[in-house]
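Scroll down for the structure; my scribbles are underneath it.
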Amino acid sequence: MSRKFVVVDTETTGNAPKKGDKIIQIGLAVIEDGSVTETFSSFIQPHRPIPAFIQQLTGIEQEDVQTAPEFLEIAPLLLEKLENAFFVAHNVRFDLHFINNELEEAGFPAFKGKVIDTVEFSRILYPRAPGYQLSQLAEWLQISHSRPHQADSDAQVTADLLLLLFDKFSQLPAPAWKGLRSLASHLESDILPLTKSWENNPAWSEKYDIVEYKGIALKRPERPAAGERTKKPEEGSGRFFSPGGLLSTVWKDFDYREGQEKMAEEVETAMENRRHLLVEAGTGIGKTLAYLVPSLYFSKHTGKRVIVSTHTITLQEQLIQKEIPLLKKAVPFSISVFLLKGKSHYLCLRKFKQMLGTAPASYEEVLGLAQILIWILETETGDVEEINLPGGANSLFWEKVCTDDSYGSRASGQWADYNFYERAKARAETADILITNHALLFTEMKRGDQLLPENKHVVIDEAHHLDDLASKHLGEEVSYFYFNQVLNRIGMLEEIGIFQRLLVFEQSSIGHFSSSWYQKREDYFTLLKYEIDELFRMIHHYCRKHSIPKRTDVGRLSLRYFPAQNADSEWTAVKDSLQRILYIFEEEERAWLSFYHQLSSVVPQGTNEEGLLHDFKSAAEDIEGMCLRLESLLLEEKDNYVYWMEIDKKGAANAAYLYNRPVDVSEQLADQFFARKDSVILTSAALTMKNSFSYVIRRWGLQDFGPKTLQLGSSFSIENRAKLMVPEDIRSIKQKEKDFIWDTAEFIYHAASITEGKMLVLFTSFEMLRQTYDQLKRWDEENIFTFIAQGVKSGSRSKLMKTFKQYEQAVLLGTNAFWEGIDIPGEDLSCLIIVRLPFPPPDEPITQARMEQVKQAGGNPFTEVSLPQAVLRFKQGFGRLLRHKNDRGVVIVLDKRIFQNRYGKDFIDSLPALPVLHKPVDHLLNEIALFFQKG
């Protein structure tokens, strides 16, 4: 390019130039004619001390800047380089803010020219990047980055990044440039001149196998070949796992495991004999391949599809990226495996195109639209998990562009050949093995719709979640947040809302509705919003007044309620408010239907207005559905259901949530799921209580089906590679919680000094986690350890896990999400601390209701509900430590009840055989040191 770009990076004493923070180093890289022509860097004398954490982060010490020039001396050179140039930085606001502040203090004019933010530019052009920190992008793009957080190195890396961005940008198809031009005025970066530079460049046609449709460019869709799925292998899966079998020929780390072969045989037999099977498979069994291989052979021999359902995205990705490629190498025939998700995971191109023609409501929307313009040139699936959107799959923006129940409308039909969800369903029809998640499985069960292709054979991995997830998906919930979101989507009162935009069309085409009709609609809609707001305010007030704070979730208050039994004046006011909402909506619904039918007859096919009309209908149906759910949640009371409300303690005065769940799902699972399948394989590392499957068989309604069961212990000896330790002199939480937290933090700190971090600490309470974390940070003044705490440090579970693995002396403190589904193999994790035995909170509505049911039936709520759940969760937590055959480590339980109470034996007996020590803290710390010294 003929333009000039000056890439700038600064290191500073802090984040606030207005509060006296100063630049301590500056780095420049000048780009002209598509290459770096010169570089410059210098330390800067800040005339103030460099904070210790800045020295640690950057490696820049006080002596480095002691004799450095002042910014005043550097300013003329900087301004000379910036003349007629773009100012480029990774987070341009930060660097430009510091530069301009220093320029003005030195008596020079601030820079007012064009800018490019490589963070924003990277988000747009690399929408699938795992992260957008400079070091993350450098690693992902394989750019050498030897000295992160040094201005000269960062400037050079940013320049290299910019050149890669320019290279990709120059090869975009013209429709993508056109789309970006329409968004350019809302971006931080001045990209408009860049699109004009390359708009006549034909190179894009060589890079992308794309098609242009309705003004947007996207990757040419590939549809599955017509015809039946291929079959049929000559042999069965018999010797697949044996020494010298097919698996050993393609897996260099193959290790024969008798348990894996036994499980595969039982899975195959169960499918052939149309039996249900429960398999508890300990660590190292290799259960994933043990059910995939017989499922595949069964599908190939019979032509019958097998569904594999998981709870987590992590396991789905493992299946697709690890196990399936291995299988494809091993078996001597072609296989078809596909991952299908719920339709809200997929982009709707019609809605995306529609949004491109509308003024964006926020910067998040601008950035999201720009990212999707590039992503659709590359994606074959349209799955939101592929794209790093701001806010992700739960963002308000994604709600506006994802596939929903209106995807099958006439308007969406215009996009039929490019519909990602329809393409996914078509590919699913050809799959031998179809991978999906429990949520979709139970959504299909609840609705009775066929969301999945015809199937009679199902494998459920991570099956210990079965009854909780079934209960969740068979129940109902509604919140003010989602209700308001749908009301805003219909946009009765907003100029860019669906309704107002349709009115413009209606007035210019048929003019059927009078201005008084419009005014009445606005008045009714305003009243509807007001009444909904008032209803949730009353619910919020009711919950706050009557609830007791829960220790396990400090962010929310929860209150169980009984719709038919509550009779106080406050609850009567809540029900009266709902009746007013139902009346207003009934009146409004008739008017909306009339409006819809009038426009349906005149809206031209394939236009934006047709799409808007179907979105309007979809939003109106959503409001109707929520009104029906409100009616069910507040006015009805079904047997075997528990009802509760929650509020955000620090949220808005109407931030309330209503829920109901079936308490016992055994009959529904038996009648609506197990009875309709020929064979269901249920597997997990934690299914038995006292070596018996009777608890889960009863909970899941399997008694009448006579399921087969198989219990397989760990495939490698744990006795010499792990120890269980319980300190006998930690103070009891019943005596004084503050003392218990002090003792917990003290033990963690001393143990971490021995293990050099590499520790996972599992809590059952967010509040206890936070207090422990605060105490640890107070003691760790020199930042010897990196303490990473869920709910204290921002980020998802996977982000916190990645941070944990990046630091040598790291301690990860987690609650619910970390008790299962995480894999930290090898030396990254050598010590697991379980702070409290994981009994479900007795005030948790669903647990409370289950215990009441058992008590009414004459049973023991503790032994039939609380204890089995705690033991199964304990087994899951223990399983975080030893993931592979060479792993070593110690497990410490700080809850003395495991020895003091009779039921403690159930927890210990649930683990593989290993040494158990119950000694004073000092003795155990010595044992930990000796354990790791022996190696």
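Mapping to the working numbering: the sequence shown position 877 is 2067, numbers consecutive.
Glycine included, C-beta positions come from ideal geometry on N, C-alpha and C.
Note that this is a predicted model, so its numbers are computed, not measured.
Straight-line gap, residue i to residue j (C-alpha atoms, nearest Å)
{"i": "Leu1877", "j": "Ile1475", "result": "15 Å"}
{"i": "Arg1691", "j": "Thr1348", "result": "43 Å"}
{"i": "Pro2105", "j": "Pro1320", "result": "42 Å"}
{"i": "Val1435", "j": "Arg1429", "result": "What sits at residue 1435 in the sequence shown is Gly, not Val. Cα to Cα, Gly1435 sits roughly 5 Å from Arg1429."}
{"i": "His2126", "j": "Phe1895", "result": "The structure shown has nothing for residue 2126, since the chain only spans 1191 to 2125."}
{"i": "Ala1660", "j": "Glu1612", "result": "26 Å"}
{"i": "Pro2110", "j": "Glu1918", "result": "5 Å"}
{"i": "Phe1523", "j": "Lys1490", "result": "9 Å"}
{"i": "Tyr1670", "j": "Lys1765", "result": "16 Å"}
{"i": "Pro2032", "j": "Gln2038", "result": "6 Å"}
{"i": "Glu1418", "j": "Tyr1487", "result": "Confidence at Glu1418 is low in this model, with a pLDDT of 48, below 50, so the placement of that residue is unreliable and no value is reported for it."}
{"i": "Leu2002", "j": "Lys1992", "result": "11 Å"}
{"i": "Ile1566", "j": "Thr1593", "result": "15 Å"}
{"i": "Pro2028", "j": "Phe2064", "result": "6 Å"}
{"i": "Gln2123", "j": "Phe1930", "result": "29 Å"}
{"i": "Glu1777", "j": "Asp1713", "result": "12 Å"}
{"i": "Leu1783", "j": "Thr1502", "result": "40 Å"}
{"i": "Lys1208", "j": "Thr1248", "result": "22 Å"}
{"i": "Lys1926", "j": "Ile1920", "result": "11 Å"}
{"i": "Ile1562", "j": "Pro1317", "result": "8 Å"}
{"i": "Ile1264", "j": "Ser1336", "result": "25 Å"}
Closest Cα partner of residue i within the set the options
{"i": "Glu1667", "options": "Pro1236, Gly1449, Ile1680 and Leu1820", "result": "Leu1820"}
{"i": "Leu1377", "options": "Leu1354, Leu1324, Ser1438 and Glu1310", "result": "Glu1310"}
{"i": "Lys1590", "options": "Ile1213, Gln1215 and Leu1546", "result": "Leu1546"}
{"i": "Glu1260", "options": "Phe1233, Ile1333 and Asp1713", "result": "Phe1233"}
{"i": "Ala1757", "options": "Trp1441, Asp2085 and Leu1824", "result": "Leu1824"}
{"i": "Glu1507", "options": "Val1556, Ser1325 and Asn1627", "result": "Asn1627"}
{"i": "Ile1406", "options": "Pro1365, Leu1370 and Met1461", "result": "Pro1365"}
{"i": "Ser1767", "options": "Tyr1720, Phe1752 and Leu1677", "result": "Tyr1720"}
{"i": "Phe1359", "options": "Ala1341, Lys1983 and Ser1312", "result": "Ser1312"}
{"i": "Gly1210", "options": "Leu1286, Asn1291, Asp1595 and Phe1230", "result": "Asn1291"}
{"i": "Val1832", "options": "Gly1891, Leu1802, Ser1748 and Lys1533", "result": "Ser1748"}
{"i": "Ala1912", "options": "Asn2006, Ile2118 and Lys1967", "result": "Ile2118"}
{"i": "Glu1555", "options": "His1702, Pro1580 and Leu1354", "result": "Pro1580"}
{"i": "Lys1368", "options": "Asp1380, Thr1385 and Ser2100", "result": "Thr1385"}
{"i": "Ala1520", "options": "Glu1458, Trp1441 and Glu1222", "result": "Trp1441"}
{"i": "Pro1897", "options": "Phe2068, Val1469 and Ser1943", "result": "Val1469"}
{"i": "Asp1344", "options": "Val1197, Arg1727 and Asp1658", "result": "Val1197"}
Identity of the residues DSSP links to residue i by a beta bridge
{"i": "Val2001", "result": "Met1949 and Phe1977"}
{"i": "Gly1224", "result": "None, per the DSSP bridge assignment."}
{"i": "Ser1669", "result": "Tyr1847"}
{"i": "Tyr1751", "result": "Tyr1833"}
{"i": "Ala1279", "result": "Asp1307"}
{"i": "Met1991", "result": "Met1991 is not bridged to any residue."}
{"i": "Met2028", "result": "A small fix is needed here, since residue 2028 is Pro in this sequence, not Met. The partner list for Pro2028 (beta bridge, DSSP) is empty, contrary to what the question assumes."}
{"i": "Cys1733", "result": "According to DSSP, Cys1733 bridges with nothing at all."}
{"i": "Thr1478", "result": "For Thr1478, which the question treats as bridged, DSSP gives no partner whatsoever."}
{"i": "Gly2022", "result": "According to the sequence displayed, residue 2022 carries Leu and not Gly. In DSSP, Leu2022 forms a bridge with Leu1950 and Val2081."}
{"i": "Ile1650", "result": "Ser1499 and Leu1872"}
Test: residue i CB closer than 8 Å to a CB of chain D
{"i": "Gly2079", "result": "Included in the structure is just one protein chain, with no chain D present."}
Query raised in the report: Unbroken alpha helix (DSSP H) runs of length 4 or more, entirely within the stretch 2068-2115: which are they?
Result: 2087-2090 and 2094-2099
Requested in this report: State whether the stretch 1825-1840 contacts the stretch 1804-1813, with contact taken as three or more CB pairs (one from each stretch) at a distance under 8 Å.
Outcome: no
**Report entry** Within the stretch 1354-1378, ranges of the alpha helix (DSSP H) (whole runs, at least 4 residues)
**Finding:** 1364-1373
Requested in this report: Kindly confirm or deny that the stretch 1542-1560 and the stretch 1292-1301 touch, where touching means at least three C-beta pairs closer than 8 Å.
Outcome: no
**Report entry** Every unbroken alpha helix (DSSP H) within the stretch 1523-1593, with a cutoff of 4 residues, ordered by chain
**Finding:** 1539-1546, 1553-1565 and 1586-1591
Requested in this report: Ignoring anything shorter than 4 residues or poking outside the stretch 1765-1842, list the alpha helix (DSSP H) runs there in chain order.
Outcome: 1798-1825
Report task. Examine the Cβ distances between the stretch 1918-1938 and the stretch 1477-1491 and report whether three or more of them are shorter than 8 Å. Result -> no
Query raised in the report: Is the stretch 1625-1645 close to the stretch 1505-1519, with three or more CB pairs under 8 Å?
Result: yes
Query raised in the report: With contact counted as at least three CB pairs below 8 Å, one residue from each stretch, are the stretch 1708-1717 and the stretch 1839-1854 in contact?
Result: no
Query raised in the report: Do the stretch 1746-1761 and the stretch 1792-1803 make contact, defined as three or more Cβ pairs closer than 8 Å?
Result: no
Query raised in the report: Per the contact definition of three or more C-beta pairs closer than 8 Å, is the stretch 1878-1894 in contact with the stretch 2066-2075?
Result: no
Query raised in the report: Would you call the stretch 1944-1951 and the stretch 1995-2011 in contact, with 3 or more CB pairs under 8 Å?
Result: yes
Query raised in the report: Taking three-plus beta-carbon pairs below 8 Å as touching, is the stretch 1629-1649 in contact with the stretch 1851-1871?
Result: yes
Report task. Examine the Cβ distances between the stretch 1887-1894 and the stretch 1849-1869 and report whether three or more of them are shorter than 8 Å. Result -> yes
Query raised in the report: Fully enclosed by the stretch 1450-1497, which alpha helix (DSSP H) runs are 4 residues long or longer?
Result: 1477-1492
Requested in this report: Indicate whether the contact test is met: 3 or more Cβ pairs, each with one atom in the stretch 1272-1287 and one in the stretch 1237-1246, closer than 8 Å.
Outcome: no
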